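Enquirer: In the numbering used here, the protein residues as written are 3 to 443. Note that beta-carbon positions come from the ideal geometry of N, C-alpha and C, so glycine has one too. Nothing here was measured: the structure is a model prediction, and the numbers come from that model. Got a structure here, written out as structure tokens. Questions coming.
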């Protein structure tokens with residue numbers, strides 16, 4: 003129940019009641035400092051309003067962000083507080099210091115000078131500098147202390163961000179694992195959280211995925227169907243069953259099923275060869291927390307950091323197959339012989355396989371779907387015969403190569419040139435010996 007306190011006196015025509023939202027934030031950079039803990043912040047705020055707020059008030063809610071940065075306004079607790087303010091549920095916000103609410107100088111100025119006044123919301127910062135927009139609005143609008151304090155808080159956040167990034171990059175360069183959760187197929191070493199060890203329950207699934215894709219001709223969609231039909235839990239479900247509080251960011255609700263993207267990511271992850279691969283994404287800045295893709299040549303790759311699940315030959319074969327446009331036909335699990343390999347001579351686009359009267363054809367997809375090329379087709383059995391004949395010719399050429407080399411060596415012109423070169427070489431050796439004898443004497 004909200005607490006109500008009757009007025010003992012007031013100033014500046016207060017509303018009938020102050021509906022207070024108490025904002026508390028604990029950041030990762032605070033470490034274990036007790037004075038900044040959630041519990042202590044709450045006590046400080048409770049004690050303050052009990053002494054300082056003399057008008058009727060009601061504590062509507064505590065809005066708490068635990069372990070989050072203050073450099074943006076997308077924090078869950080902060081965002082919920084703003085929604086309640088916009089809905090008229092609260093008309094007073096109290097926090098311990100300006101830095102608890104804002105580490106972003108631009109956000110501080112916008113909320114204190116524009117947003118809060120627009121909604122008629124009183125803002126109180128208990129610490130130094132003390133801020134109360136109801137009793138001393140001039141300090142916000144005209145003073146220098148509050149803007150300067152906001153700028154210092156902003157620069158502090160920038161420095162902390164740079165220091166953290168530098169520390170993490172050093173760890174990445176040494177091949178130390180810094181993720182919150184190990185990749186599927188591995189787990190963190192209980193004795194060293196920066197080292198990976200093989201998860202003997204999940205690693206066989208990873209090996210099977212590579213085996214099916216590289217050596218047995220399954221497509222990624224075919225692998226997805228095979229895994230789901232076997233009842234194998236997807237990586238997110240598996241990790242949760244291990245007691246981990248894991249959630250794949252941006253993946254939406256987890257239905258426990260495997261998907262194309264999950265299988266594709268596993269097949270492209272070099273970590274399974276024993277290499278530590280990190281730094282594939284980075285945040286835009288300490289204020290913009292969206293991630294951007296990093297070019298591959300800027301990744302941190304340290305080989306032989308942990309036990310491999312997949313040998314390098316299998317992994318790199320998988321990368322070659324991944325670059326090809328390989329798809330299974332509808333209702334099929336395995337790839338056809340020429341899947342992703344046949345292209346139109348004229349437009350260079352992939353040709354589409356279709357069947358008619360028990361015969362398979364490759365037709366130009368551009369012509370078929372867009373009428374943007376010429377009409378032509380190629381029978382699959384004719385292509386098989388042509389490829390087989392070409393392979394046989396290459397094999398025959400390789401078998402006859404030693405005979406061809408001997409025939410070339412025996413040719414008169416080649417023998418004459420060889421004799422000339424041999425004579426020149428003998429003459430050079432004779433001159434070298436004479437020079438050495440003269441220098442010795």
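Are the beta-carbon atoms of residue 94 and residue 21 separated by less than 8 Å?
Expert: Here the question's residue 94 lines up with position 92 in the chain shown. Here the question's residue 21 lines up with position 19 in the chain shown. Yes, Cβ-Cβ distance for residue 94 and residue 21 is below 8 Å.
Enquirer: DSSP three-state call for residue 41: helix, strand or coil?
Expert: Position 39 of the chain shown holds residue 41. DSSP places residue 41 in helix when its eight states are reduced to three.
Enquirer: Consult DSSP for residue 105 and reduce its assignment to one of helix, strand or coil.
Expert: The residue labelled residue 105 in the question sits at position 103 within the chain shown. In the structure shown, residue 105 sits in coil (DSSP, three-state: anything other than H, G, I, E or B).
Enquirer: Kindly list the residues whose CB is nearer than 6 Å to the CB of residue 79, restricted to its own chain and excluding five residues on each side of it in sequence; keep chain order.
Expert: Counted from its first residue, the chain shown places residue 79 at position 77. The residues are 65, 66, 67.
Enquirer: Report the CB separation of residue 279 from residue 311 in whole angstroms; it is logged as a contact under 8 Å.
Expert: On the chain shown, position 277 is the one that residue 279 refers to. On the chain shown, position 309 is the one that residue 311 refers to. That pair is no contact at about 13 Å.
Enquirer: Measuring straight from C-alpha to C-alpha, what distance separates residue 36 and residue 42?
Expert: Your numbering for residue 36 matches position 34 in the chain shown. Your numbering for residue 42 matches position 40 in the chain shown. Confidence in residue 36 is poor, its pLDDT being 46 and thus under 50, which makes the residue's placement too unreliable to answer from.
Enquirer: Do residue 142 and residue 128 have their beta-carbon atoms positioned less than 8 Å apart in this structure?
Expert: For the purposes of this step, residue 128 is taken as residue 126 along the chain shown, with counting starting at 1. For the purposes of this step, residue 142 is taken as residue 140 along the chain shown, with counting starting at 1. In this structure, residue 128 lies away from residue 142, with their beta-carbon atoms at least 8 Å apart.
Enquirer: Which same chain residues, not among the five before or five after residue 345, have their C-beta less than 8 Å away from its C-beta?
Expert: Counting from 1 along the chain shown, the entry for residue 345 is found at position 343. Here the set comprises 351, 352, 353.
Enquirer: Thinking residue 277 and residue 305 are a contact (beta carbons under 8 Å), I'd like their distance in whole angstroms, please.
Expert: Along the chain shown, read from residue 1 onward, the residue named residue 277 stands at position 275. Along the chain shown, read from residue 1 onward, the residue named residue 305 stands at position 303. Their Cβ separation, rounded to whole angstroms, is 4 Å, which keeps residue 277 and residue 305 in contact under 8 Å.
Enquirer: Do you know offhand how far residue 391's Cα is from residue 398's?
Expert: Walking along the chain shown from the start, residue 391 turns up at place 389. Walking along the chain shown from the start, residue 398 turns up at place 396. Taking the straight line joining both Cα atoms gives about 10 Å.
Enquirer: Pick out whichever of 269, 400, 45 has its Cα sitting closest to the Cα of residue 325.
Expert: As a working mapping, residue 325 is identified with position 323 in the chain shown. Among 269, 400, 45, the Cα nearest to that of residue 325 belongs to 269.
Enquirer: Mind checking residue 11: buried by the 16 CB within 10 Å criterion, or exposed?
Expert: One-based indexing of the chain shown puts residue 11 at position 9. Per-residue confidence for residue 11 stands at a pLDDT of 40, beneath the threshold of 50, marking its modelled position as unreliable; the derived number appears in the next sentence. Exposed, since its Cβ has fewer than 16 Cβ neighbours within 10 Å.
Enquirer: With respect to the alpha helix (DSSP H) encompassing residue 154, which residues constitute its N-terminal and C-terminal limits?
Expert: As a working mapping, residue 154 is identified with position 152 in the chain shown. Looking at the DSSP string, the run of the alpha helix (DSSP H) that includes residue 154 is 147–175.
Enquirer: Cβ of residue 198 within 8 Å of Cβ of residue 151?
Expert: Taking the chain shown and counting its residues from 1, the one referred to as residue 198 is at position 196. Taking the chain shown and counting its residues from 1, the one referred to as residue 151 is at position 149. Result no, Cβ atoms of residue 198 and residue 151 do not sit closer than 8 Å.
Enquirer: Roughly how many whole angstroms lie between the Cα atoms of residue 76 and residue 107?
Expert: Position 74 of the chain shown, counting from 1, holds the residue named residue 76. Position 105 of the chain shown, counting from 1, holds the residue named residue 107. Taking the straight line from one Cα to the other gives about 15 Å.
Enquirer: Please confirm whether residue 309 and residue 200 have their CB atoms less than 8 Å apart.
Expert: Counted from its first residue, the chain shown places residue 309 at position 307. Counted from its first residue, the chain shown places residue 200 at position 198. The answer is yes: Cβ separation under 8 Å.
Enquirer: How far does the beta strand (DSSP E) with residue 280 in it reach, from first residue to last?
Expert: On the chain shown, position 278 is the one that residue 280 refers to. Counting along the chain, the beta strand (DSSP E) containing residue 280 begins and ends at 278–280.
Enquirer: Measure the C-alpha to C-alpha separation of residue 227 and residue 203 and round it to an integer number of angstroms.
Expert: For the purposes of this step, residue 227 is taken as residue 225 along the chain shown, with counting starting at 1. For the purposes of this step, residue 203 is taken as residue 201 along the chain shown, with counting starting at 1. Cα-Cα distance, rounded: 20 Å.
Enquirer: From residue 423 to residue 413, what distance separates their C-alpha atoms?
Expert: Translated into the one-based positions of the chain shown, residue 423 becomes position 421. Translated into the one-based positions of the chain shown, residue 413 becomes position 411. In this model, residue 423 and residue 413 are separated by some 16 Å (Cα to Cα).
Enquirer: I need the straight-line Cα distance from residue 69 to residue 245, nearest angstrom please.
Expert: Here the question's residue 69 lines up with position 67 in the chain shown. Here the question's residue 245 lines up with position 243 in the chain shown. Residue 69 and residue 245 have their alpha carbons spaced roughly 21 Å apart.
Enquirer: Under DSSP, the alpha helix (DSSP H) around residue 1 begins and ends at which residues?
Expert: This structure cannot settle anything about residue 1, because the visible part of the chain is limited to 3 through 443.
Enquirer: What residue ranges within the region 67–120 form continuous beta strand (DSSP E) runs of no fewer than 3 residues, ordered along the chain?
Expert: 94–97
Enquirer: Can you check which of these residues, 163, 47, 121, 153, is closest to residue 71 by C-alpha distance?
Expert: Against the chain shown, residue 71 aligns to sequence position 69. Out of 163, 47, 121, 153, 163 has the C-alpha closest to the C-alpha of residue 71.
Enquirer: Is residue 237 near residue 264, with beta carbons less than 8 Å apart?
Expert: Residue mapping note: residue 237 aligns to position 235 of the chain shown, counting from 1. Residue mapping note: residue 264 aligns to position 262 of the chain shown, counting from 1. Yes.
Enquirer: Between which residues of its own chain and residue 242 is the CB-CB distance below 7 Å, once the five residues before and five after are set aside?
Expert: Position 240 of the chain shown, counted from the start, is the residue given in the question as residue 242. Taken in chain order, the residues that qualify are 248.
Enquirer: May I ask you to list the residues that DSSP assigns as paired with residue 199?
Expert: Against the chain shown, residue 199 aligns to sequence position 197. Bridge partners of residue 199: 189.
Enquirer: Excluding five sequence neighbours on each side, which residues of the same chain lie with their C-beta closer than 7 Å to the C-beta of residue 184?
Expert: Within the chain shown, numbered from 1, the residue matching residue 184 stands at position 182. 190, 198, listed in sequence order.
Enquirer: CB-CB under 6 Å to residue 124, same chain, minus the five flanking residues each way: which ones, in chain order?
Expert: Counted from its first residue, the chain shown places residue 124 at position 122. If we look at residue 124 and ignore the five residues flanking it on each side, its Cβ neighbours are 94, 135, 136.
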